[in-house]
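Asks:
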Amino acid sequence: MSLFAILFQNPLLAVPFGWGGEGLFVTWNPDIVAFSLGAFAVRWYSLFWCLGLLGVYLLMHRLFRQQKLGEEQFEPMFMYCFLGILIGARLGHCLFYEPGYYLSHPMEMLLPIRNVPGEGWTFTGYEGLASHGGTLGLMIALWLYAKRVKLNIMRVLDNVAIVTPICACAIRLGNLMNSEIIGRPTDVPWAFIFERVDMLPRHPGQLYEAICYAIFFFVGWFFYRYKPQRVGTGFFFGLCLFMIFLSRIFVEYTKENQEAFEEGMLLNMGQLLSIPFVLLGLYCMLGGKLCRALGEKK
0 MSLFAILFQN
10 PLLAVPFGWG
20 GEGLFVTWNP
30 DIVAFSLGAF
40 AVRWYSLFWC
50 LGLLGVYLLM
60 HRLFRQQKLG
70 EEQFEPMFMY
80 CFLGILIGAR
90 LGHCLFYEPG
100 YYLSHPMEML
110 LPIRNVPGEG
120 WTFTGYEGLA
130 SHGGTLGLMI
140 ALWLYAKRVK
150 LNIMRVLDNV
160 AIVTPICACA
170 IRLGNLMNSE
180 IIGRPTDVPW
190 AFIFERVDML
200 PRHPGQLYEA
210 ICYAIFFFVG
220 WFFYRYKPQR
230 VGTGFFFGLC
240 LFMIFLSRIF
250 VEYTKENQEA
260 FEEGMLLNMG
270 QLLSIPFVLL
280 GLYCMLGGKL
290 CRALGEKK
C-alpha cells in the first residue's frame, strides 16, 4: 500500500482509498466531529473556521506592526469583520438563492430558526451562507471600521485582502469535511466518492477552491514583501478580488448547482455574481480614478 493511501486511511477521518472505474477514487466519508470534550463536540467545519480566523488575526496583527499602526486601531476590526461577513453572507444567500421563501419569512433571514409545521419555531442554525454576500458585507463593515478608527479605507482593504485567502482556504476545507458544495460526477482519477451524498465519483470542487486560495495567499504575500509601498492604493484589494472570483467562475463548472432554478442557465448564480467582483478587481489593480481619490497619496 502506498504512503499516500496510508495517510488517508487515518481512522480519525475514516477516508479509505478504493479502486473505482478506471482510476483510483477517494472514498470520502469523514466523521464531521473532529473531537469531543465531554458532551461538547467540536466539528471539523467549526475547527477550520477558527483556524482560518486565527491565521487572519495573527497575520493582520503582523501587518499592523510592520506598518506602525496603533494597537487601539487593530482591536475593533474583528468584531466589524465578523458581523459584516455573517450578516452579508446570510442576506446574500436568502436574497440571491431563495428570495421567494425568505421574503415571505423575513424573521428567518437573520435568526437561526425556522417555523416547522407541527413543531413551531425550531433552532436550525444558519442554513445557507453566500460568499458574495459575505464579501459585500465585509466591504461595508470595513468602511465603517475605517471611519471609526480614522484609517485610510484603501489601506484597510488592502491589508485585509492580503490575508483573506488563508481564511477562505480553511473554510473550503471545512466544506470538504462536511461533504458539502460537491462537484459534478466525473471519471477523473482524483475524483471523490462522497458517501454521505451518493456513490458517484465527483469533482472535489471544495478542494480545487482551497488549493486556489492557498496559492493566492502566497501570491499576495509575495507582492506585499516586494511592493509594500502599494498598500493603500487598492492594488492588493483588487488583486484578491480578481484572483478569487475569476477562479470561482471556472471552478463552478465542476460543481453541482446549488438551486434547481440554475439548471439550464449558461452561467449559474455563483458565476453571475462573480463577474462584478472580477471587474472591480481589475479596476482597482489598474488604479482606477476612485481608487486614486480614496487611496493614500504616494
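With numbering that gives the first Met the number 0 applied, the sequence shown corresponds to residues 0 to 297, in that order.
Here a beta-carbon is modelled for each residue, glycine too, at the ideal position from N, C-alpha and C.
According to the neighbour-count rule (16 or more other Cβ atoms, all chains shown, within 10 Å of its Cβ), is Ile181 buried or exposed?
Replies: In the sequence shown, counting from the first residue as 1, residue 181 sits at position 182. Ile181 should be labelled buried.
Asks: What residue range does the beta strand (DSSP E) around Asn256 cover?
Replies: As a working note, residue 256 is residue 257 in the sequence shown. Element bounds for Asn256: n/a, residue is neither H nor E.
Asks: Taking all protein chains shown into account, decide if Ala292 is buried (16 or more other Cβ within 10 angstroms of its Cβ) or exposed.
Replies: Here residue 292 refers to the residue found at position 293 of the sequence shown. Ala292 comes out exposed.
Asks: Which one of Glu255, Phe260, Met242 has the shortest CA to CA distance from Cys283?
Replies: Numbered from its first residue, the sequence shown carries residue 283 at position 284. Comparing Cα-Cα distances from Cys283 to each of Glu255, Phe260, Met242, the minimum goes to Met242.
Asks: Relative to the alpha-carbon of Gly91, which residue among Ala129, Ala145, Leu110, Tyr56 has its alpha-carbon at the smallest distance?
Replies: Translated into positions along the sequence shown, residue 91 becomes position 92. Among Ala129, Ala145, Leu110, Tyr56, the Cα nearest to that of Gly91 belongs to Ala129.
Asks: For Gly20, collect the residues of the same chain with a Cβ closer than 8 angstroms to its Cβ; drop the 5 residues on either side in sequence, then sort them by chain order.
Replies: One-based indexing of the sequence shown puts residue 20 at position 21. Low per-residue confidence applies at Gly20: pLDDT is 47, beneath 50, and the placement is therefore not dependable, though the value from the model is reported in the following sentence. Around Gly20: Asp186, Pro200.
Asks: Please return the same chain residues whose Cβ sits closer than 6 angstroms to the Cβ of Glu208, not counting the five positions on each side in sequence.
Replies: Position 209 of the sequence shown, counted from the start, is the residue given in the question as residue 208. These residues qualify, in order along the chain: Arg171, Val250.
Asks: Comparing C-alpha positions only, which one of Met198, Asn267, Val159, Leu285 sits nearest to His60?
Replies: Locating residue 60 in the sequence shown gives position 61, counting from the first residue. Residue Val159 is the option with its Cα nearest to His60.
Asks: Does the beta carbon of Phe241 sit closer than 7 angstroms to a beta carbon anywhere in chain D?
Replies: Absent here is chain D; the protein component of the structure consists of one chain.
Asks: Excluding the five sequence neighbours on either side, which residues of its own chain have a C-beta within less than 7 angstroms of the C-beta of Ile298, listed in chain order?
Replies: One cannot answer for residue 298 here, as it falls past the ends of the chain, which runs 0 to 297.
Asks: Ignoring anything shorter than 3 residues or poking outside the region 8-82, list the beta strand (DSSP E) runs there in chain order.
Replies: Counting whole runs of 3 or more residues, the region 8-82 contains the beta strand (DSSP E) stretches 16-19, 22-27, 32-36, 39-42.
Asks: Could you spell out where the alpha helix (DSSP H) holding Thr163 opens and where it closes?
Replies: The count along the sequence shown starts at 1 and reaches residue 163 at position 164. 152-176 is the span of the alpha helix (DSSP H), which, as asked, contains Thr163.
Asks: Please report how far the alpha carbon of Phe260 lies from the alpha carbon of Phe95, in whole angstroms.
Replies: Translated into positions along the sequence shown, residue 260 becomes position 261. Translated into positions along the sequence shown, residue 95 becomes position 96. Distance between the alpha carbons of Phe260 and Phe95 is about 11 angstroms.
Asks: Going by beta-carbon coordinates alone, are Gly37 and Gly87 separated by less than 7 angstroms?
Replies: In the sequence shown, counting from the first residue as 1, residue 37 sits at position 38. In the sequence shown, counting from the first residue as 1, residue 87 sits at position 88. Their beta carbons are not under 7 angstroms apart, which means Gly37 does not touch Gly87 by this criterion.
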